[in-house]
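Going letter by letter, the sequence shown gives residues 17 to 310 in this note's numbering. Working notes for the structure below.
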Amino acid sequence: LFDRLLELTVEAYRRQRWYDEYDLIRNGAAATVAYPVKFWPTWEPFGRLGLRLSGEFISFDDVDDAQYYVDGTSRATRPIFKDEDSRYGDAAEAVLRIFWSHDDRDNFRIATRGGRTQVFGDLAGGDNSYWRLGVNHRRYFTVWRRYRHVLMAAVRAETIDAFSESDGVPIYNRMFLGGPRSIRGVEYRNVAPLREKAGGGDWAPWGGQTLFCLNFEYTVPIVQMLRLAAFTDLGSVGEEEFDLDFSDTFAWTAGIGIRLDIPMFPIRLDFATPLKKPDHAEEEIFSFSIGYDF
Numbered sequence: 017l018f019d020r021l022l023e024l025t026v027e028a029y030r031r032q033r034w035y036d037e038y039d040l041i042r043n044g045a046a047a048t049v050a051y052p053v054k055f056w057p058t059w060e061p062f063g064r065l066g067l068r069l070s071g072e073f074i075s076f077d078d079v080d081d082a083q084y085y086v087d088g089t090s091r092a093t094r095p096i097f098k099d100e101d102s103r104y105g106d107a108a109e110a111v112l113r114i115f116w117s118h119d120d121r122d123n124f125r126i127a128t129r130g131g132r133t134q135v136f137g138d139l140a141g142g143d144n145s146y147w148r149l150g151v152n153h154r155r156y157f158t159v160w161r162r163y164r165h166v167l168m169a170a171v172r173a174e175t176i177d178a179f180s181e182s183d184g185v186p187i188y189n190r191m192f193l194g195g196p197r198s199i200r201g202v203e204y205r206n207v208a209p210l211r212e213k214a215g216g217g218d219w220a221p222w223g224g225q226t227l228f229c230l231n232f233e234y235t236v237p238i239v240q241m242l243r244l245a246a247f248t249d250l251g252s253v254g255e256e257e258f259d260l261d262f263s264d265t266f267a268w269t270a271g272i273g274i275r276l277d278i279p280m281f282p283i284r285l286d287f288a289t290p291l292k293k294p295d296h297a298e299e300e301i302f303s304f305s306i307g308y309d310f
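Shown next as C-alpha cells:
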C-alpha cells in the first residue's frame, strides 16, 4: 500500500445467529491496517502490528419472554432475555482493536510445525462502552516425522468489562465455550454461567466475562486426505472480569475424530465425552464442523 509494506483489508458483513432464546443480527463494516514489525537483536521482521476499526449495528429478534431466575442464589425472577433486548438491542457500536500477530506455520491448511499467535486489546464506544484483552496461541509439533504424526497445542484467554458498572456487558459480547470449535463433548455455549428457567428446570447460556481454554490434538495420517485424531479439551468461563474462580463452570473432555482433508471443503467429525462438566451443561457426544482449525 503506497509503496510501503502495509496490508489493508476492508470488509462489510451481515451475520445472523439463531439461538434457542433469541436471534442476533449484526450488520457492520471494518477496516484493518497491519505493518511488519522488527525486534532486537536480529531486527528481522517478526509478526505484524495492526489496527482494526469496526462499526456495527446489533439487534435482537424472536426473543424468549419466559421468566428466569436472576442468579444462582436469588429466587427472584425476570424475563432476562427480554431485559437484554430492551437494554442492549438496536445498539450502534464502534470498536478499535490494536493487535500483534505472528504466523510461521509451514502450511496454512494442514500444519505440521510452527504456530500462530495473536495478542489484542479492544476499546469500544457508542451505545456500548467496554474494553477487552485477549491472547490466542496455537503451536504444531512434528512428533514422528517419518509418518507425519503431529501434536497441536492451543491456548486462548480473554477478559472483558464495561467502563462503567452501570453499563454492564451485553450478552452478545459476553463469552461462552462448548461445541466443536472450543470444548468438544459439551453442547455449544454450555461451558459458561447458566440461568435456570423459572418452574421448568431448563437452563440457558448466560455467558461470562473471563475465558480460558486449552486444546491438545494428536493427528495420524491413514491414507491421502484422511487422518485420525485423538484430543482433549479443557476450559472455563468466569462470571466477572479477571475472574479465575472457574470451579462452577470448568469442563474437561476427551475424544477421537476423523479429518477428511477435501480441498476447499475439509470436514471434521468428532466423538467426545466429558470427564468433567458444569452441573447443568448438556453433553454433545458427536460434533461436525467444516474447516481445518477449530
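Each residue gets a CB set at the ideal place from its N, CA and C atoms; glycine is no exception.
Exercise. Can you tell which of 221, 73, 145, 292 has the C-alpha that lies nearest to the C-alpha of residue 191?
Worked result: By 1-based counting over the sequence shown, the position of residue 191 is 175. Answer by Cα proximity: 221.
For this session: Would you give the residue range spanned by the alpha helix (DSSP H) that residue 98 belongs to?
Result: Here the question's residue 98 lines up with position 82 in the sequence shown. Unbroken alpha helix (DSSP H) run through residue 98: 96-104.
For this session: Report yes if the C-beta distance between residue 114 and residue 150 is below 9 Å; otherwise report no.
Result: Stepping through the sequence shown from its first residue, residue 114 is reached at position 98. Stepping through the sequence shown from its first residue, residue 150 is reached at position 134. No.
Exercise. Counting along the chain, where does the beta strand (DSSP E) carrying residue 5 start and finish?
Worked result: Nothing can be reported for residue 5, as the shown portion of the chain is limited to 17 through 310.
Exercise. Measuring CA to CA, which of 275, 76, 28, 155 is closest to residue 36?
Worked result: The sequence position of residue 36 within the sequence shown is 20, counting from 1. Ranking the options by Cα distance to residue 36, first place goes to 76.
Exercise. Does the Cβ-Cβ distance between residue 209 and residue 253 come in under 9 Å?
Worked result: Mapped onto the sequence shown, residue 209 falls at position 193. Mapped onto the sequence shown, residue 253 falls at position 237. Taking 9 Å as the Cβ cut-off, residue 209 and residue 253 qualify as a contacting pair.
Problem set entry | Sub-9 Å separation of residue 134 and residue 153 beta-carbons | As a first step, residue 134 is located in the sequence shown; it is residue number 118 there, counting from the start. As a first step, residue 153 is located in the sequence shown; it is residue number 137 there, counting from the start. Against a cut-off of 9 Å, the Cβ pair of residue 153 and residue 134 comes out as a contact.
Exercise. According to the neighbour-count rule (16 or more other Cβ atoms, all chains shown, within 10 Å of its Cβ), is residue 102 buried or exposed?
Worked result: Mapped onto the sequence shown, residue 102 falls at position 86. Exposed, by the Cβ-count rule.
For this session: Determine the closest residue to residue 207 out of 215, 216, 197, with distance taken between C-alpha atoms.
Result: For the purposes of this step, residue 207 is identified with residue 191 of the sequence shown, where counting begins at 1. The residue with the shortest Cα to Cα distance from residue 207 is 197.
Exercise. I think residue 305 touches residue 284, with their Cβ atoms under 8 Å apart; what is that distance to the nearest whole Å?
Worked result: In the sequence shown, counting from the first residue as 1, residue 305 sits at position 289. In the sequence shown, counting from the first residue as 1, residue 284 sits at position 268. Contact holds; Cβ gap of about 5 Å.
Exercise. Roughly how many angstroms separate the alpha carbons of residue 40 and residue 56, rounded to a whole number?
Worked result: Here the question's residue 40 lines up with position 24 in the sequence shown. Here the question's residue 56 lines up with position 40 in the sequence shown. C-alpha separation (whole angstroms): 45 Å.
Exercise. What's the C-alpha gap between residue 216 and residue 90?
Worked result: Sequence index remark: in the sequence shown, residue 216 carries index 200 (1-based). Sequence index remark: in the sequence shown, residue 90 carries index 74 (1-based). Residue 216 and residue 90: Cα-Cα distance of roughly 16 Å.
For this session: Could you work out which residue in 249, 73, 229, 279 is closest to residue 201 when comparing CA atoms only?
Result: For this step, residue 201 is matched to residue 185 along the sequence shown. Measuring from the Cα of residue 201, the nearest candidate turns out to be 249.
Exercise. Between residue 178 and residue 256, what straight-line distance do the alpha-carbon atoms span, to the nearest angstrom?
Worked result: What you label residue 178 is simply residue 162 of the sequence shown in a count that begins at 1. What you label residue 256 is simply residue 240 of the sequence shown in a count that begins at 1. Looking at the two C-alpha atoms, the distance is approximately 11 Å.
Problem set entry | Limits of the unbroken beta strand (DSSP E) element including residue 114 | Numbered from its first residue, the sequence shown carries residue 114 at position 98. From DSSP, the beta strand (DSSP E) with residue 114 extends over 107-119.
For this session: Please say whether residue 195 and residue 117 have beta carbons closer to each other than 9 Å?
Result: Numbered from its first residue, the sequence shown carries residue 117 at position 101. Numbered from its first residue, the sequence shown carries residue 195 at position 179. Contact: no.
For this session: On a CA-only basis, which of 148, 21, 269 is nearest residue 293? Give me that one, please.
Result: Taking the sequence shown and counting its residues from 1, the one referred to as residue 293 is at position 277. Looking at the Cα atoms, 269 is the closest of the given residues.
Exercise. For residue 123, is the classification buried or exposed, using 16 other Cβ atoms within 10 angstroms of its Cβ as the cut-off for buried?
Worked result: Taking the sequence shown and counting its residues from 1, one reaches residue 123 at position 107. That one is exposed.
Problem set entry | From 142, 271, 174, 267, residue whose alpha carbon lies closest to that of residue 234 | As a working note, residue 234 is residue 218 in the sequence shown. Minimum Cα distance to residue 234 is reached at 271.
Exercise. Where does residue 363 sit, in a helix, a strand or coil, going by DSSP?
Worked result: In this structure the chain extends from 17 to 310, so residue 363 is not present and cannot be described.
Exercise. Whose C-beta lies closer than 6 Å to the C-beta of residue 62 among residues of the same chain, with five residues either side of it excluded?
Worked result: Sequence index remark: in the sequence shown, residue 62 carries index 46 (1-based). Cβ within range, chain order: 55.
Problem set entry | Outcome for residue 70 when other beta-carbon atoms lying within 10 angstroms are tallied against a minimum of 16 | Working through the sequence shown from its first residue, we reach residue 70 at position 54. It counts as buried.
Exercise. Once you ignore the five residues that flank residue 261 on each side, which residues in its own chain have a CB closer than 7 Å to its CB?
Worked result: Indexing the sequence shown from 1 puts residue 261 at position 245. Excluding residues within five positions, the ones whose Cβ falls inside 7 Å are 254.
Exercise. Using a C-beta cutoff of 9 Å, does residue 201 count as contacting chain C?
Worked result: Given the protein chain composition of this structure (a single chain), no chain C is represented.
Problem set entry | Residues sharing a beta bridge with residue 135, DSSP | Your numbering for residue 135 matches position 119 in the sequence shown. The partner list for residue 135 (beta bridge, DSSP) reads 116, 151.
For this session: Using the DSSP secondary-structure output, state which residues sit across from residue 165 in a beta bridge.
Result: As a first step, residue 165 is located in the sequence shown; it is residue number 149 there, counting from the start. According to DSSP, which records beta bridges pairwise, residue 165 is partnered with 160.
For this session: Would you kindly check if the distance between the Cβ of residue 46 and the Cβ of residue 27 is under 9 Å?
Result: Counting from one through the sequence shown, the residue named residue 27 turns up at place 11. Counting from one through the sequence shown, the residue named residue 46 turns up at place 30. Yes, the Cβ-Cβ distance between residue 27 and residue 46 is below 9 Å.
Exercise. For the beta strand (DSSP E) that residue 53 lies in, which residues bound it at each end?
Worked result: On the sequence shown, position 37 is the one that residue 53 refers to. Its beta strand (DSSP E) spans residues 39-54.
For this session: Name the residue from 105, 141, 229, 241 whose alpha carbon lies nearest to the alpha carbon of residue 112.
Result: Counting from 1 along the sequence shown, the entry for residue 112 is found at position 96. Minimum Cα distance to residue 112 is reached at 141.
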